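Inspection log for the structure reproduced underneath, given as structure tokens.
There are 2 protein chains.
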Amino acid sequence: MMRKVQARSLATRDRLLAAGRGLVADAGMTALRTDEVVLRAGTAKGTFFAHFPDRDHFLAALLAESLRVEFAGLVAPADRPSLLGLLDLVFLRFAADPETVALLARFSGPAGAGLGLDRMICSVTDRLAEGLAALQAGGLVANRAAPDVLAEGLMALVFHAAALAQCPMPGDQAAVRARAEGLLHQMAAALVWPQVGG
Amino acid sequence: MMRKVQARSLATRDRLLAAGRGLVADAGMTALRTDEVVLRAGTAKGTFFAHFPDRDHFLAALLAESLRVEFAGLVAPADRPSLLGLLDLVFLRFAADPETVALLARFSGPAGAGLGLDRMICSVTDRLAEGLAALQAGGLVANRAAPDVLAEGLMALVFHAAALAQCPMPGDQAAVRARAEGLLHQMAAALVWPQVGG
DNA sequence: TCCTTTATTTGACTATGGTCAATATTGGTA
DNA sequence: TACCAATATTGACCATAGTCAAATAAAGGA
Numbered sequence: 022m023m024r025k026v027q028a029r030s031l032a033t034r035d036r037l038l039a040a041g042r043g044l045v046a047d048a049g050m051t052a053l054r055t056d057e058v059v060l061r062a063g064t065a066k067g068t069f070f071a072h073f074p075d076r077d078h079f080l081a082a083l084l085a086e087s088l089r090v091e092f093a094g095l096v097a098p099a100d101r102p103s104l105l106g107l108l109d110l111v112f113l114r115f116a117a118d119p120e121t122v123a124l125l126a127r128f129s130g131p132a133g134a135g136l137g138l139d140r141m142i143c144s145v146t147d148r149l150a151e152g153l154a155a156l157q158a159g160g161l162v163a164n165r166a167a168p169d170v171l172a173e174g175l176m177a178l179v180f181h182a183a184a185l186a187q188c189p190m191p192g193d194q195a196a197v198r199a200r201a202e203g204l205l206h207q208m209a210a211a212l213v214w215p216q217v218g219g
Numbered sequence: 022m023m024r025k026v027q028a029r030s031l032a033t034r035d036r037l038l039a040a041g042r043g044l045v046a047d048a049g050m051t052a053l054r055t056d057e058v059v060l061r062a063g064t065a066k067g068t069f070f071a072h073f074p075d076r077d078h079f080l081a082a083l084l085a086e087s088l089r090v091e092f093a094g095l096v097a098p099a100d101r102p103s104l105l106g107l108l109d110l111v112f113l114r115f116a117a118d119p120e121t122v123a124l125l126a127r128f129s130g131p132a133g134a135g136l137g138l139d140r141m142i143c144s145v146t147d148r149l150a151e152g153l154a155a156l157q158a159g160g161l162v163a164n165r166a167a168p169d170v171l172a173e174g175l176m177a178l179v180f181h182a183a184a185l186a187q188c189p190m191p192g193d194q195a196a197v198r199a200r201a202e203g204l205l206h207q208m209a210a211a212l213v214w215p216q217v218g219g
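Protein sequence lines correspond, in order, to chains A and B. Sequential numbering of the first sequence, starting at 22, is according to the working numbering. Sequential numbering of the second sequence, starting at 22, is according to the working numbering.
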């Protein structure tokens with residue numbers, strides 16, 4: 022029992038993902054329709070749902086793919102500016118799209134186990150924790166908690182800032198984002214820096 | 022131009038909300054169907070969407086209603102245990118339901134302006150900020166940032182912990198929640214307490 | 001090769017959120 | 001009261017995510 026997965030199944034999955042990638046590139050995640058995905062991939066509707074439990078899991082897989090590539094070159098920050106820079110980078114990417122924020126809220130935790138998205142987040146968090154550990158040793162980051170706890174906290178702040186930046190009104194989105202980013206910096210500083218201004 | 026809202030409109034809205042309240046009490050938010058709401062309320066489908074832009078806004082209104090009642094008696098925490106107690110209370114309520122987490126992620130920011138949910142969150146945040154200001158004066162909370170920034174940060178941590186507690190697997194949900202709560206305490210301590218153990 | 005079992009695919013079908021042009025009701029005005 | 005314009009309601013209709021029993025293709029054993 023429990024024979025191995027057939028090669029054609031993986032191929033089908035790849036075709037579905039490739040189709041999704043194209044559609045997202047064309048018109049964004051929100052506009053993605055499962056019917057169009059299966060049309061492009063040349064499969065039946067049912068096949069899509071045999072491979073992905075629902076549309077959101079499919080989008081999460083695409084997002085994980087994309088983030089893995091974009092964050093592949095991330096290195097552990099070695100000083101405060103690069104720590105903040107890393108947070109900004111991740112924040113900006115997460116705030117790119119309301120759909121992205123919703124997917125992260127749903128799948129970044131244990132709910133996303135085995136989706137790729139969770140591992141992607143973990144890898145960023147780990148990189149962050151690495152940097153924090155080194156900075157703690159140098160006295161540039163406070164010792165109020167273990168590096169991995171601080172890293173998790175920073176990610177929470179980034180998520181929150183990204184959610185704040187999701188103003189659906191078109192009116193100066195840049196201003197909303199800037200405010201969220203400013204708040205993120207203040208909260209992050211309070212979390213990890215030894216003392217104000219220090 | 023711009024005549025006032027008619028009384029029957031408010032009555033209809035109230036009937037819709039009452040119907041929704043009953044359905045949520047019976048089977049939870051996830052199981053709520055707009056068709057059942059309008060059936061109970063005795064209105065047409067279109068009326069529902071004339072009053073609420075979509076199902077999620079309706080659920081958000083119900084959630085706001087519910088939270089306003091539950092958090093009505095909240096007072097600004099006067100010491101550390103009651104600060105943590107407040108965080109726990111809010112965390113537990115937010116983690117009650119995956120739907121709740123999703124709604125909060127979507128509507129707690131500027132996206133939820135004028136929904137009731139945003140004001141509800143603000144009122145909790147304000148209460149928290151009040152307490153933090155007093156505790157800062159007493160030296161029990163660090164001065165690394167303004168009280169309202171710290172309050173916002175704490176809420177971010179609570180949201181994140183609630184998201185972490187959303188494991189869809191039925192296997193010991195209590196354990197997952199306990200872990201999330203522990204992490205919340207550590208992160209919160211690092212954010213607002215002057216020094217470790219202090 | 002043929003047979004059995006398991007993995008994979010299929011597409012018609014269902015469930016449900018959301019739309020909109022038509023209709024009904026109300027409040028104000030002469 | 002008669003009329004108009006703004007407001008509110010209606011329900012048939014549409015779009016699309018998701019289901020499932022049946023069909024097909026591959027794997028393994030005799």
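Heads up, the beta-carbon is just placed ideally off N, CA and C, and yes, glycines get one too. These numbers were taken from a predicted model, which means no experiment stands behind them.
Could you tell me the distance, in whole angstroms, from the CA atom of residue i to the CA atom of residue j?
| i | j | result |
| --- | --- | --- |
| B/Glu120 | A/Ala155 | 39 Å |
| B/Val26 | B/Pro131 | 25 Å |
| A/Ala196 | A/Ala183 | 13 Å |
| A/Lys165 | B/Arg165 | At residue 165 of chain A the sequence reads Arg, which differs from the Lys that was named. Straight-line Cα distance between these residues: approximately 13 Å. |
| A/Leu161 | B/Val213 | 18 Å |
| A/Asp109 | A/Leu185 | 14 Å |
| B/Asp47 | B/Gly67 | 24 Å |
| B/Glu202 | B/Phe112 | 8 Å |
| A/Ala52 | B/Met23 | 35 Å |
| A/Ile142 | A/Arg148 | 10 Å |
| A/Ala32 | A/Pro74 | 18 Å |
| A/Ala40 | A/Val58 | 6 Å |
| B/Leu83 | A/Leu104 | 40 Å |
| B/Ala71 | A/His78 | 31 Å |
| A/Ala116 | B/Asp193 | 33 Å |
| B/Gly135 | B/Arg76 | 16 Å |
Decide if residue i is buried, meaning its Cβ has at least 16 other Cβ atoms within 10 Å, or exposed.
| i | result |
| --- | --- |
| A/Gly106 | exposed |
| A/Leu204 | buried |
| A/Ser129 | buried |
| B/Gly133 | buried |
| B/Val45 | buried |
| B/Ala28 | exposed |
| A/Ala150 | buried |
| A/Gln216 | exposed |
| B/Ala158 | exposed |
Do the CB positions of residue i and residue j come within less than 9 Å of each other?
| i | j | result |
| --- | --- | --- |
| B/Gly152 | B/Pro98 | yes |
| A/Leu95 | A/Phe180 | no |
| B/Ala81 | B/Arg114 | no |
| B/Arg89 | B/Ser30 | no |
Give every residue of the same chain whose Cβ lies closer than 6 Å to the Cβ of residue i, excluding the five residues on either side of it in the sequence, and list them in chain order.
| i | result |
| --- | --- |
| A/Cys188 | Val197 |
| B/Asp56 | none |
| A/Val122 | Ala183, Ala184, Gln187 |
| A/Leu171 | Leu153, Val213 |
| A/Ala139 | In the sequence as presented, Ala is not what sits at residue 139 of chain A; that position holds Asp. If we look at A/Asp139 and ignore the five residues flanking it on each side, its Cβ neighbours are Gly133. |
| B/Pro168 | Ala150, Leu153, Ala154 |
Excluding the 5 residues preceding and the 5 following residue i in the sequence, name in chain order all residues of the same chain whose CB lies nearer than 8 Å to its CB.
| i | result |
| --- | --- |
| B/Glu86 | Leu38, Arg42, Gly137 |
| B/Glu91 | Arg114 |
| B/Asp100 | Leu156, Leu161 |
| B/Ala199 | none |
| B/Gly219 | The pLDDT assigned to B/Gly219 is 43, lower than 50, so where the model puts this residue is not dependable; a value taken from the coordinates is nonetheless given after this. Same-chain partners within the cutoff: there are none. |
With a CB to CB cut of under 7 Å and the five nearest residues on each side skipped, what residues in its chain are close to residue i?
| i | result |
| --- | --- |
| A/Ala93 | none |
| A/Gly49 | Asp118 |
| B/Ala163 | Val213, Trp214, Pro215 |
| A/Thr146 | Ala172, Glu173, Met176 |
| B/Phe69 | Leu37, Thr55, Val58, Val59 |
Taking one C-beta from the region 49 to 64 of chain A and one from the region 31 to 39 of chain A each time, how about it: are there three or more such pairs within less than 8 Å? yes
When you compare the region 171 to 179 of chain B with the region 194 to 209 of chain B, are there three or more beta-carbon pairs, one atom per stretch, that lie closer than 8 Å? yes
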